[in-house]
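Before any comments, here is the structure.
There are 2 protein chains.
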Amino acid sequence: MIELGQVDRGADAAPFKQIARQLREAITDGRLEPGARMPTEQQLLEHYGVARMTVRQAMNQLRSEGLVVAEQGRGAFVRTAPPVRRLASERFARKHRDAGKAAFIAETEGLGKPSVDSLHVTEGHAPDRVRELLGLRSNAKVVSRDRRYLVDGTPVELATSYVPLSIARGTPITHEDPGPGGIYARIEEQGHRLVSFTEEVAARMPSPEEKRALRLPDGTPVLTVLRVAFAEDGPVEVTETVKASHSFVLEYSFPAV
Amino acid sequence: MIELGQVDRGADAAPFKQIARQLREAITDGRLEPGARMPTEQQLLEHYGVARMTVRQAMNQLRSEGLVVAEQGRGAFVRTAPPVRRLASERFARKHRDAGKAAFIAETEGLGKPSVDSLHVTEGHAPDRVRELLGLRSNAKVVSRDRRYLVDGTPVELATSYVPLSIARGTPITHEDPGPGGIYARIEEQGHRLVSFTEEVAARMPSPEEKRALRLPDGTPVLTVLRVAFAEDGPVEVTETVKASHSFVLEYSFPAV
DNA sequence: TAGTGGTCTAGACCACAGC
DNA sequence: CTGTGGTCTAGACCACTAT
Chain A
1 MIELGQVDRG ADAAPFKQIA RQLREAITDG RLEPGARMPT EQQLLEHYGV ARMTVRQAMN
61 QLRSEGLVVA EQGRGAFVRT APPVRRLASE RFARKHRDAG KAAFIAETEG LGKPSVDSLH
121 VTEGHAPDRV RELLGLRSNA KVVSRDRRYL VDGTPVELAT SYVPLSIARG TPITHEDPGP
181 GGIYARIEEQ GHRLVSFTEE VAARMPSPEE KRALRLPDGT PVLTVLRVAF AEDGPVEVTE
241 TVKASHSFVL EYSFPAV
Chain B
1 MIELGQVDRG ADAAPFKQIA RQLREAITDG RLEPGARMPT EQQLLEHYGV ARMTVRQAMN
61 QLRSEGLVVA EQGRGAFVRT APPVRRLASE RFARKHRDAG KAAFIAETEG LGKPSVDSLH
121 VTEGHAPDRV RELLGLRSNA KVVSRDRRYL VDGTPVELAT SYVPLSIARG TPITHEDPGP
181 GGIYARIEEQ GHRLVSFTEE VAARMPSPEE KRALRLPDGT PVLTVLRVAF AEDGPVEVTE
241 TVKASHSFVL EYSFPAV
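Quick note, the sequences are listed as chains A and B, same order. The opening residue of the first sequence carries number 1 in full-length UniProt numbering; numbering runs sequentially from there. The opening residue of the second sequence carries number 1 in full-length UniProt numbering; numbering runs sequentially from there.
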């Protein structure tokens, strides 16, 4: 086991915070490397001379910071960083669609085997915010495409896309398989040549459902991206995505006007 | 107190998870509105017939999800959303500099009173990643500007900017007050006309220091933005920012090429 | 002073992984 | 079977807020 100090019962900070700090420093120092086994609860309570709940509180602190993952029956480990995918706006380039690649395929190139599951396509009303972004009347219908993206079998992103039914009707957009180049290719075939995109990026903690669907360890926030695709004649599609934050870096560039 | 169910001791889910779920639903339903007082621990343990640690575990779950904030001696409350600031790339427009406004002033316009504190300006070596982005030799020096931004007295963002000393030397960039229009105005005055910016966006949980500096409640991640400013002759500045995620939405737009 | 959440103790039993 | 983390109990004392 690594070297650890003691708790100072007279100090201002609570014992569990002192223990958490010592373990956190061991991790950030590199004395405990990613993937390394953390001291067991038994070792810690003996070393520090505290009750088990006290060491558990320290470990829970580190889990909520995303530094440690615990596995029942096995032990606790310093969290390892999954492969990070850098997403540039280039992934929506027309050349990828022309080559038959949807954006997720283009952005995953060379990083693993992309796949999609739990795909649901439905017709109905859009959430108010989406309807507004698409400039639709309140009774207008949209096609919603709900799915989960995986790389090498690991879920990385949840996405829901909305396309006005007036555009999607009679096209493969209403089918599970939208065909080569993805839904953007189909939208352009309908005569709506895409001219630009906007994205709104934010971060928050996942809901329990999102945490399960993305298999997120404790202390892992999600990045949310709300993208609107614009054609010459206005907005034609909105996508909401929820991404596992440890798996993504989003890249943007813009001119200095 | 609001209506709550009971715990099913025979169920798969642990009692504390059942209690957390019931309270979470009360919040997402709207039966408990933002700012509303949560049931006290005493009320919950009597209602459910469990030990205090069990209700505390449920409440801790909700805190780590960012739904609830507890205040010692006062009670626990449904978290309220702070004002959100939408940041568009327009905030770096030259017109703002020409009007004497730094980007933070421009982006805060009409949203409160902006201020800056804990400003430290130092000269020294840059982190490897920054040096690389600036295309500097390993022994090259930079000016680092470290500060905290506040709106109406509430901290919202930490930032560190790096400018090669070869550009900053002899300018107000090395002073605490960089003058009207901020450091980008000074860099342009040195003959480096800015042409574009790149930003890398990611999210993670804050370190304890960041949590304190930004006064973040539990369950609040940070957004990190790494921005590079480019002049015709190459990169001239790098800024790393750490933003309270509940206070920001980042907006980008890009052409469909 | 009463009520709230924060921390700690010293046990107990359970679920799961690995030998 | 042993060792690990997960959950629960039934107390205790403390720090802070509000009255």
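Using N, Cα and C, we set each Cβ at its ideal position, and we do this for glycine too. Just so it is clear, the structure is predicted and the values come from calculations on it, not from any experiment.
Asked: Residues sharing a beta bridge with leucine 226(A), DSSP; Found: Glu200(A) and Glu240(A)
Asked: is_contact[valine 257(A), chain B] using C-beta, thresh 8 Å; Found: yes
Asked: Residue-chain proximity (alanine 203(A), chain B), Cβ-Cβ < 8 Å; Found: yes
Asked: Buried versus exposed call for lysine 95(A) [16 or more other C-beta atoms within 10 Å across all chains shown]; Found: exposed
Asked: Contacts that phenylalanine 248(B) makes with chain A (C-beta to C-beta distance below 8 Å); Found: Ala202
Asked: Chain-ordered residues of the stretch 185-199 of chain A with a beta carbon less than 7 Å from chain B; Found: Leu194, Val195, Ser196, Phe197, Thr198 and Glu199
Asked: Nearest-angstrom beta carbon gap, leucine 67(B) and valine 55(B) [assumed within contact, 8 Å]; Found: At roughly 15 Å, the Cβ-Cβ gap does not stay under 8 Å, so valine 55(B) and leucine 67(B) are not in contact.
Asked: First through last residue of the beta strand (DSSP E) which encompasses serine 118(A); Found: 114-124
Asked: Closer than 8 Å to chain B by CB, proline 83(A); Found: no
Asked: Buried versus exposed call for alanine 20(A) [16 or more other C-beta atoms within 10 Å across all chains shown]; Found: buried
Asked: CB contact check: glycine 66(A) to chain B, cutoff 8 Å; Found: yes
Asked: Residues that serine 138(A) bridges to, as DSSP identifies them; Found: In the DSSP output, where bridge partners are listed per residue, serine 138(A) has none listed.
Asked: Cα-Cα separation between methionine 53(B) and glutamate 41(B), rounded to whole angstroms; Found: 9 Å
Asked: Per-residue burial, residue 258(B) [other beta carbons within 10 Å of its own, 16 or more giving buried]; Found: The requested residue 258(B) is not part of the displayed model; chain B covers only 1 to 257.
Asked: Inter-residue Cα distance where the pair is glutamate 189(A) and threonine 171(A); Found: 10 Å
Asked: Short Cβ contact (8 Å threshold) for arginine 227(A) with glutamate 199(A); Found: yes
Asked: Proximal residues to arginine 24(B) (C-beta, below 7 Å), its chain only, five neighbours per side dropped; Found: Leu62 and Leu67
Asked: Supposed contact pair methionine 205(B) and glycine 219(A) - C-beta distance, whole angstroms, cut 8 Å; Found: 5 Å
Asked: Between the CA atoms of glycine 182(B) and isoleucine 105(B) - distance to the nearest angstrom; Found: 9 Å
Asked: Cβ pair serine 245(B), alanine 244(A) closer than 8 Å; Found: no
Asked: Under the three-state DSSP convention, the category serine 245(B) falls into; Found: helix
Asked: Rounded straight-line distance, which links the Cα of alanine 76(B) to that of valine 7(B); Found: 21 Å
Asked: Segment limits, beta strand (DSSP E) that includes threonine 154(B); Found: 154-164
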